[in-house]
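K.L.:
Chains as they are written, first to last, in the numbering used here: chain A, -6 to 282; chain X, 333 to 1266.
1) Would you please verify whether the beta carbon of residue 259(A) is less than 8 Å from any beta carbon of chain X?
2) Excluding five sequence neighbours on each side, which residues of the same chain lie with their C-beta closer than 7 Å to the C-beta of residue 62(A)?
3) Residues bridged to residue 846(X) by DSSP?
4) Is residue 561(X) buried or exposed, if buried means 16 or more other CB atoms sit within 10 Å of its CB?
5) Cα-Cα, which of 971(X), 1031(X), 1027(X) and 1022(X) is closest to residue 1006(X)?
6) Residue 1031(X) and residue 996(X) - do their beta-carbons sit closer together than 8 Å?
7) Taking all protein chains shown into account, decide if residue 697(X) is buried (16 or more other Cβ within 10 angstroms of its Cβ) or exposed.
8) Leaving out five residues on either side along the sequence, give the residues of the same chain with a beta carbon under 8 Å from the beta carbon of residue 634(X).
9) Considering only residues of the stretch 753 to 787 of chain X, which uninterrupted alpha helix (DSSP H) runs meet the minimum length of 4 residues and lie entirely inside it, listed in chain order?
10) Three Cβ pairs or more, each shorter than 8 Å: is that satisfied between the stretch 1205 to 1212 of chain X and the stretch 716 to 734 of chain X?
11) Spell out whether any CB of chain X is found under 8 Å from the CB atom of residue 102(A).
12) Any beta carbon of chain A sitting closer than 8 Å to that of residue 944(X)?
13) According to DSSP, is residue 936(X) helix, strand or coil?
14) Under the three-state reduction of DSSP, which class applies to residue 1189(X): helix, strand or coil?
15) Under three-state DSSP, which class holds residue 248(A)?
16) Quick check on residue 178(A) - is its C-beta less than 8 Å from some C-beta in chain X?
17) If you run the structure through DSSP and keep just helix, strand and coil, what is residue 1115(X)?
18) Can you check whether the CB of residue 875(X) is closer than 8 Å to the CB of residue 1184(X)?
19) Check whether the Cβ of residue 197(A) lies closer than 7 Å to any heavy atom of the ligand COA, and answer yes or no.
20) Tell me whether residue 217(A) is buried or exposed, calling it buried when 16 or more other Cβ atoms sit within 10 Å of its Cβ.
21) Give the DSSP-derived three-state secondary structure of residue 731(X) in the structure shown.
22) Using 8 Å as the limit for Cβ to Cβ distance, is residue 1255(X) near chain A?
23) Can you check whether the C-beta of residue 98(A) is within less than 8 Å of a C-beta belonging to chain X?
24) So, with DSSP's three-state summary, where would you put residue 552(X)?
25) Exposed or buried, what is residue 1088(X) when buried is set at 16 or more other beta-carbons lying within 10 Å of its beta-carbon?
26) Just to confirm the assignment, what range does the alpha helix (DSSP H) spanning residue 76(A) have?
27) I'd like the list of long-range same chain contacts for residue 992(X), defined as Cβ closer than 6 Å, with 5 residues on each side in sequence excluded.
28) Terminal residues of the continuous beta strand (DSSP E) containing residue 340(X)?
29) Identify, in the order they occur along the chain, each residue of the same chain with its Cβ nearer than 6 Å to the Cβ of residue 867(X), setting aside the five sequence neighbours on each side.
30) Could one say the Cβ of residue 12(A) lies closer than 8 Å to chain X's Cβ atoms, at least one of them?
31) Taking contact to mean 3 or more Cβ pairs, one atom from each stretch, closer than 8 Å, check whether the stretch 40 to 57 of chain A and the stretch -1 to 11 of chain A are in contact.
32) Is residue 395(X) close to chain A, meaning its C-beta is less than 8 Å from at least one C-beta of that chain?
33) Which stretch, first to last residue, makes up the alpha helix (DSSP H) that contains residue 405(X)?
34) Just list the residues that DSSP pairs residue 1074(X) with in beta bridges.
35) On the CB-based measure, 16 or more other CB atoms within 10 Å of its CB, does residue 1170(X) come out buried or exposed?
36) Which residue or residues does DSSP assign as beta-bridge partners of residue 0(A)?
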């Protein structure tokens, strides 16, 4: 099968962006490749001339604390994200999401960078990173820059990153604070493609009985990974009770744009079940603080 | 400059040139010839291609070969150690063999490699750890519980250094014999765990070309133009053939020859998978490119999308004789009288979906032309002699000019009965005078081969207040798709079984098996009864509720028993173990829960409700309906004192070769390993008939048995003559022949007989008891198997999510000849039934296949595997080998209604359309709640 002609294995980020820029034909970066290679094989993506493998770049395979952040290289396999003690300590929602992505063999190659680059509004890793307020480092021939996580997405399946020129290097997550915690859960259906019907991640800080800073992400709650800002505003600074929960859920339902996905779930079904999922995730995170 | 790849594979260093677009699986299989790594989907879905890279399990089908540079790769071939001449299996390999975790074997390298990586990381995994690790390593034979047990046993052996513990929960047959009925290993199990087992795609021949078919990819229309010039001009293309190149018969088919080998210009395309042209080229890539260069134009026609539409007036007629393949009728008693005498009458219509066999090994055929003008075809086929006939008809040859050389099969389940690539490769090999291989990828496999019939079933059932059924009327519409395949037979079985395994005086059933523009439907484990059992067993529970009778009791009241007359007028004279199945499943279920059908709310989560459901079924063994049911077997004694038994019956993972081996060992009084088995070769093995209808244990089991008995008689006669004693004084025991007070080895027997000019070889052609066609009364089938299952489910009332927690499965198999293989059939049957109920739906939208990738067609994996309890019931049938009858299908049939009945018992929502739709359940529940609160 003619999928690619040249395969580059750069060992640094500048070398990788240079390889993209100097390729003799259409070029793309490949990390895990579990989506890209299938897109190429199945004709959803036109064949490329050059594939630039990012997994040989130490920086992109790093997972470490850097200052007040946890850095996760975009080419770190999701299985390592799921198993690393640092993510267990600082990004529980991400661990839970990564443990649910595909199966173990795919998790050993698939990466967070790929999960994010595909820009699906309900990708498990993406929803967790949304709630964890990740910052993204992006490299191009002109250098690197940091972007707020949600600004990466332009629409369903569309990111603002130009994959033929730019590379997602990694993600910076705030280190956890003494009274903060997070949680991720999802609802599937057993038929058809293995995309969640709904997923939800919550990160929050707790001050006694009061909800402090809180971030809520729900997929697919819009055309891009959805932050329920109105719901966050409703609950922040309040005591968590049945009543405040219901108000928060109302705010979430008012802001989220659920849609019909053929053969997967209707918008109506999603609206009906999101409350149960959100409650479960919120109270689990709350209980962890 | 060419890149190089340096890697270590199974401790051996390799440096090879990089090849653009190459994946690790291709490097391993094609260049290093390590073919133990299997390709099931090339979509990173099935896990068959799992290898370890630097110790971690990876899907090698989506792993770029160049990424493996500098890495260490371990494949299935790297686990066993060769100690001197002996292969010393890794404990995992040994445990898979001993626990019966190996069936068709195709997924096994992936299972073992995934498990191997798990045990490296976690030497003492529990069930949850194993399920987590094996989540995406699919087994369609679905012996998941045995796989789990094998891994636990291997882990223990690795930790303790003790030998692998053998399974203790699989009982021997209650009918005592020396060899049959006891646990013995599959003859081919070891090669399947070491990666040495060869399947068709693993074969390579000198000068072999690669073929690809151009498919219509429109559901209905007339072929107006076909331009193959660009394909022919492509460098590396050796031949492009179209319908005008078909030498003799234009059509193929199993019963009716209605399926064109290729569609001719001006002729009708009936489904997306119709072949328009075939290409042979130097490489797979070139063949694929060439097929893509073929241009076709069509005069599109309206699409017949379902069988009800197909029967309407004024719709296009897809075949010359019309859209009706067959109107099937069952008539018994007087319906008016029956319903008039009923106290309760219920009526409901059910819909079942199309499903795909999704055997992990896609179809592959290789034709090899011989110098003498003959043609060998290497293929995994359920009906080798039919393949031979069909190839010969199309080629215009005598059948003997074709030799089908059957290969190990990575699952079949009914889906490898129709011809797929066999004719195409024969044509291309004849045209090019070179070997030609045609391997389907998963996409083509999903598009082209026949499926399970989607069926609409209306059931009207009448009963007395005391629960006695008095009348049952059913009407079925079966979607047989574009071509007949076995559609008429399948829908006949759906129809005759549509009133369930019950003794009912008045029965009427009508089925319309209709052609549509969907992919064809044909044989699929359960053969129509899977569909009708769902409908009637749902009705039985509805009836139990309206009569306020326990569902189990309702089935007891009506169960078929010895002396019953079936719906087709057959008196059951023996071997009706249904009541014992009901009683034993009921008892086991009530051990878990004395009130199994009452909903139980989870104390920790009020949205979670559990309950049990119950269902019964029966399924014929054998072709029936008046078709002669014949199998031939040879048994031969060799100079070294070993035997070979041969038949052209198919081994697709179900364990027939074990049955044949044990049978001959039993009759000759030798150890099983003294008996070799050869199957599926039309030059070397006599016709065993189709491997379908749960018939092979019965017919080829009997053929093997009688061939062995005859050989024994011949040996006795020879020795009697030589030693001048009466033949009945000669005994066959303990691996030797006792003659006149001394014992002779079989090697000595061979020597004596050949010296006397006799060749110790017997061919026996067994014919099963005669049956009668439907509608003529009498015995339509020579045996029936019975099965009962109970399922415990958990339903989330908020989301509608369903999970199956436990399944108890009792099967009356007559006699358990091969208990280890039987365990696999029971586990796999439950899982295939669970898939049919919960996960699987082959979706066709206006004739176009939506589920054209494995990623969109979900079969159940180990995570969905419930706790399965198997109960073997053995009511022997006199004509069966040692009393045995079939089990392959019955083990799968009651699962679906047991689950849907359990869902109803848990939350009160009746599933009447498959698969179970959790959104429908949730919606029903929230609508009820809002109706109750308003």
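The beta-carbon is built from N, C-alpha and C at its ideal position, and this holds for glycine as well.
Just so you know, these numbers come straight off a predicted model, no measurement behind them.
P.N.:
Let me spell this out:
1) One-based indexing of the first chain puts residue 259(A) at position 266. In terms of beta-carbon proximity, residue 259(A) lines the interface with chain X, with at least one pair separated by less than 8 Å.
2) Here the question's residue 62(A) lines up with position 69 in the first chain. So the qualifying residues of the chain are 165, 166, 167 and 168.
3) Counting from 1 along the second chain, the entry for residue 846(X) is found at position 514. DSSP lists 656(X) and 811(X) as partners of residue 846(X).
4) Counting from 1 along the second chain, the entry for residue 561(X) is found at position 229. Residue 561(X) counts as exposed, since fewer than 16 other C-beta atoms from the protein chains shown sit within 10 angstroms of its C-beta.
5) Your numbering for residue 1006(X) matches position 674 in the second chain. Its Cα nearest to that of residue 1006(X), the residue 971(X) stands out among 971(X), 1031(X), 1027(X) and 1022(X).
6) As a position in the second chain, residue 996(X) is number 664, starting the count at 1. As a position in the second chain, residue 1031(X) is number 699, starting the count at 1. Not closer than 8 Å, so no.
7) Position 365 of the second chain, counting from 1, holds the residue named residue 697(X). A residue is called buried when at least 16 other Cβ atoms come within 10 angstroms of its Cβ; residue 697(X) meets this threshold and is buried.
8) Mapped onto the second chain, residue 634(X) falls at position 302. So the qualifying residues of the chain are 552, 647 and 648.
9) Taken in chain order, the complete alpha helix (DSSP H) segments of 4 residues or longer contained in the stretch 753 to 787 of chain X are 754 to 764 and 774 to 780.
10) Short answer: they don't touch.
11) The residue labelled residue 102(A) in the question sits at position 109 within the first chain. For residue 102(A), the nearest CB of chain X lies under 8 Å from its own CB, placing it at the interface with that chain.
12) Taking the second chain and counting its residues from 1, one reaches residue 944(X) at position 612. With respect to chain A, the C-beta atom of residue 944(X) has no partner C-beta closer than 8 Å.
13) Locating residue 936(X) in the second chain gives position 604, counting from the first residue. Taken through DSSP and simplified to helix, strand or coil, residue 936(X) comes out as coil.
14) Residue mapping note: residue 1189(X) aligns to position 857 of the second chain, counting from 1. Residue 1189(X) falls in the coil class under three-state DSSP.
15) Stepping through the first chain from its first residue, residue 248(A) is reached at position 255. Helix.
16) Here residue 178(A) corresponds to residue number 185 of the first chain, with the count starting at 1. Closer than 8 Å: no.
17) As a working note, residue 1115(X) is residue 783 in the second chain. Three-state result, residue 1115(X): strand.
18) One-based indexing of the second chain puts residue 1184(X) at position 852. One-based indexing of the second chain puts residue 875(X) at position 543. With respect to residue 875(X), residue 1184(X) sits apart: the two C-beta atoms are not nearer than 8 Å.
19) As presented, the structure is devoid of all ligands, the ligand COA included, so that no description of it is given.
20) For the purposes of this step, residue 217(A) is identified with residue 224 of the first chain, where counting begins at 1. Label assigned to residue 217(A): buried.
21) Reading the second chain from its first residue, position 399 is the one you call residue 731(X). In the three-state scheme derived from DSSP, where H, G and I count as helix and E and B as strand, residue 731(X) is classed as helix.
22) Position 923 of the second chain, counting from 1, holds the residue named residue 1255(X). By this cut-off, residue 1255(X) is an interface position.
23) Translated into positions along the first chain, residue 98(A) becomes position 105. Chain X contact via Cβ: present.
24) Stepping through the second chain from its first residue, residue 552(X) is reached at position 220. Coil at residue 552(X), not helix or strand.
25) Residue mapping note: residue 1088(X) aligns to position 756 of the second chain, counting from 1. By the neighbour-count rule (16 or more Cβ atoms within 10 Å), residue 1088(X) is not buried but exposed.
26) Mapped onto the first chain, residue 76(A) falls at position 83. Note, residue 76(A): alpha helix (DSSP H), 71 to 76.
27) Within the second chain, the letter at position 660 stands for residue 992(X). Answer for residue 992(X): 977, 1009 and 1036, listed in chain order.
28) Residue numbering aside, residue 340(X) sits at position 8 when the second chain is read from its first letter. Run containing residue 340(X): 336 to 341, per the beta strand (DSSP E) assignment.
29) For this step, residue 867(X) is matched to residue 535 along the second chain. Here the set comprises 682, 789 and 791.
30) Numbered from 1 along the first chain, position 19 holds the residue referred to as residue 12(A). No, its Cβ sits nowhere closer than 8 Å to a Cβ of chain X.
31) Contact holds: three or more Cβ-Cβ distances are below 8 Å.
32) Here residue 395(X) refers to the residue found at position 63 of the second chain. With 8 Å as the cut-off, residue 395(X) counts as an interface residue toward chain A.
33) Taking the second chain and counting its residues from 1, the one referred to as residue 405(X) is at position 73. For residue 405(X), there is no enclosing alpha helix (DSSP H); the residue is part of the beta strand (DSSP E) that begins and ends at 404 to 406.
34) As a position in the second chain, residue 1074(X) is number 742, starting the count at 1. In DSSP, residue 1074(X) forms a bridge with 1071(X).
35) For this step, residue 1170(X) is matched to residue 838 along the second chain. By the neighbour-count rule (16 or more Cβ atoms within 10 Å), residue 1170(X) is buried.
36) Stepping through the first chain from its first residue, residue 0(A) is reached at position 7. 44(A).
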